[in-house]
Amino acid sequence: MLLDGKVAVVTGGARGLGRHITARFVAEGAQVVCAGRDALVAKSAFGDVDRVVFHPVDVRDEDSVDALFSFVRGEYGRLDVLVANAGVSRPGPVTELSTQSWAEVFETNLTGVFLCLRAAAGLLGPGGRIITLSSVLGANAVAGGSAYCASKAAVEMLTKVSALELAEAGITVNCLSPGFIDEGMGKNLAANEAVWSKFRPKLAGGRMGTAAEIAEAAVFLASSRSSYVNGHVLEVNGGIRW
Ligand SMILES: NC(=O)c1ccc[n+]([C@@H]2O[C@H](COP(=O)([O-])OP(=O)(O)OC[C@H]3O[C@@H](n4cnc5c(N)ncnc54)[C@H](OP(=O)(O)O)[C@@H]3O)[C@@H](O)[C@H]2O)c1
Numbered sequence: 001m002l003l004d005g006k007v008a009v010v011t012g013g014a015r016g017l018g019r020h021i022t023a024r025f026v027a028e029g030a031q032v033v034c035a036g037r038d039a040l041v042a043k044s045a046f047g048d049v050d051r052v053v054f055h056p057v058d059v060r061d062e063d064s065v066d067a068l069f070s071f072v073r074g075e076y077g078r079l080d081v082l083v084a085n086a087g088v089s090r091p092g093p094v095t096e097l098s099t100q101s102w103a104e105v106f107e108t109n110l111t112g113v114f115l116c117l118r119a120a121a122g123l124l125g126p127g128g129r130i131i132t133l134s135s136v137l138g139a140n141a142v143a144g145g146s147a148y149c150a151s152k153a154a155v156e157m158l159t160k161v162s163a164l165e166l167a168e169a170g171i172t173v174n175c176l177s178p179g180f181i182d183e184g185m186g187k188n189l190a191a192n193e194a195v196w197s198k199f200r201p202k203l204a205g206g207r208m209g210t211a212a213e214i215a216e217a218a219v220f221l222a223s224s225r226s227s228y229v230n231g232h233v234l235e236v237n238g239g240i241r242w
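Shown next, in the form of structure tokens:
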């Protein structure tokens, strides 16, 4: 097993892609702290799984993030892997986007990743792994995606800078950039035919990705197999014609 005995935190770990990453990490032998806002969702996903514990977190809130990592320190004394997966999207034309929507996206997708990354870095030792989540929309502009696209582009740069800064400590920081995935946000997007008809032709392989394919890439970035991969944005999108 690739993650045998590893202690991992997955934010937003009970729903969507995070749920699959949590499940796959457990299958690879990890102990996972599934961190999110809704204990009931986590309970229905992982209530009967031994190596998953839920801990509440709102990644926008510094005290909440610090409490999560204090829990990890107290319970396990260390951390091996952080997957900063929690994210939101608030689409809308830039001229109509509310300040609140803009703030929700940036506080979750960028500040949330920063807060978790900073707190995790104090617990990770040599061999430690930080995985952030960007998106195909972090590198490709789409009308209506101003906040989301900009936040994900920023996550990619935050990842690269952090990778340089943490390399001496033996910690790698990489970014997983999914394309259009048949789960979570991607599934919601595909359910709206008017929107999806614009994106479907971009899929070079003619199909959406699966959550299992994202979880597989997360395992690679979390495991010793990626020991010399650092500051990288791993695109898992089947090929996109933009
Ligand atoms: N699915 C795709 O096609 C796709 C493509 C590219 C990138 N991504 C990225 O992949 C990641 C996961 O997306 P997804 O599709 O799985 O979305 P999702 O199904 O909407 O799940 C998002 C997760 O983030 C959590 N979350 C949101 N705000 C939070 C906060 N303030 N504090 C703690 N947790 C919070 C949610 O928890 P709650 O239940 O509390 O809301 C949920 O568990 C995101 O970063 C997204 O941008 C997804």
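Letter 87 of the sequence shown, counting from 1, is numbered 87 in my numbering, and no numbers are missing. The beta carbon of each residue, even a glycine, is placed where N, CA and C say it ideally should be.
Do residue j and residue i come within 9 Å of each other at the CB atom, strictly closer than that value?
i: R19; j: A45; result: yes
i: A139; j: E165; result: no
i: L79; j: L124; result: yes
i: V65; j: L115; result: yes
i: A169; j: I21; result: no
i: N230; j: A143; result: no
i: V33; j: V10; result: yes
i: F106; j: A147; result: yes
i: G127; j: S224; result: yes
Which same chain residues end up closer than 7 Å to residue i when comparing Cβ atoms and leaving out the 5 residues on each side of it in sequence?
i: V41; result: A14, R15
i: A267; result: Within the shown structure, residues of the chain are numbered from 1 to 242, placing residue 267 beyond reach of any answer.
i: V113; result: A84, T132, V155, L158
i: A254; result: With the chain covering 1 to 242 only, the question about residue 254 has no answer from this structure.
Rounded to a whole number of angstroms, what is the C-alpha to C-alpha distance between residue i and residue j?
i: A120; j: S162; result: 12 Å
i: H55; j: N85; result: 15 Å
i: G145; j: W102; result: 10 Å
i: V195; j: P91; result: 12 Å
i: L2; j: L68; result: 25 Å
i: E104; j: S135; result: 17 Å
i: V57; j: R37; result: 6 Å
i: K6; j: G206; result: 36 Å
i: S98; j: A190; result: 24 Å
i: G193; j: S89; result: Here the sequence assigns Glu to residue 193, which means Gly is not the residue at that position. When rounded, the distance between both Cα atoms is 18 Å.
i: A27; j: V94; result: 42 Å
i: T111; j: V59; result: 8 Å
i: G47; j: S70; result: 22 Å
i: K152; j: N109; result: 7 Å
i: A215; j: E96; result: 35 Å
i: M185; j: G87; result: 9 Å
Give me, in chain order, the residues of the same chain whose beta-carbon lies closer than 8 Å to that of residue i; leave out the 5 immediate sequence neighbours on both sides.
i: P201; result: R241
i: L117; result: L82, A84, I130, T132, L158, S162, V173
i: A212; result: H20, R24
i: T210; result: I181, D182, E183
i: K43; result: F54
For residue i, I'd like the list of residues in its chain whose CB is within less than 6 Å of its CB, leaving aside the five on either flank, ordered along the chain.
i: P235; result: For the record, residue 235 in the displayed sequence is Glu; it is not Pro. These residues qualify, in order along the chain: S177.
i: H232; result: N174
i: A30; result: L3, K6, A8
i: E75; result: none
i: K160; result: G231
i: A39; result: F54
request  = Would you mind listing the beta strand (DSSP E) stretches within the region 119–188 that are 3+ residues and don't spill past its ends, in chain order?
outcome  = If we require 3 residues or more, the beta strand (DSSP E) runs fully inside the region 119–188 come out as 124–133, 172–178.
query = If you scan the region 75–121 from start to end, which runs of the alpha helix (DSSP H) of 4 or more residues do you find wholly inside it?
reply = List check, alpha helix (DSSP H) in window: 99–106, 112–121.
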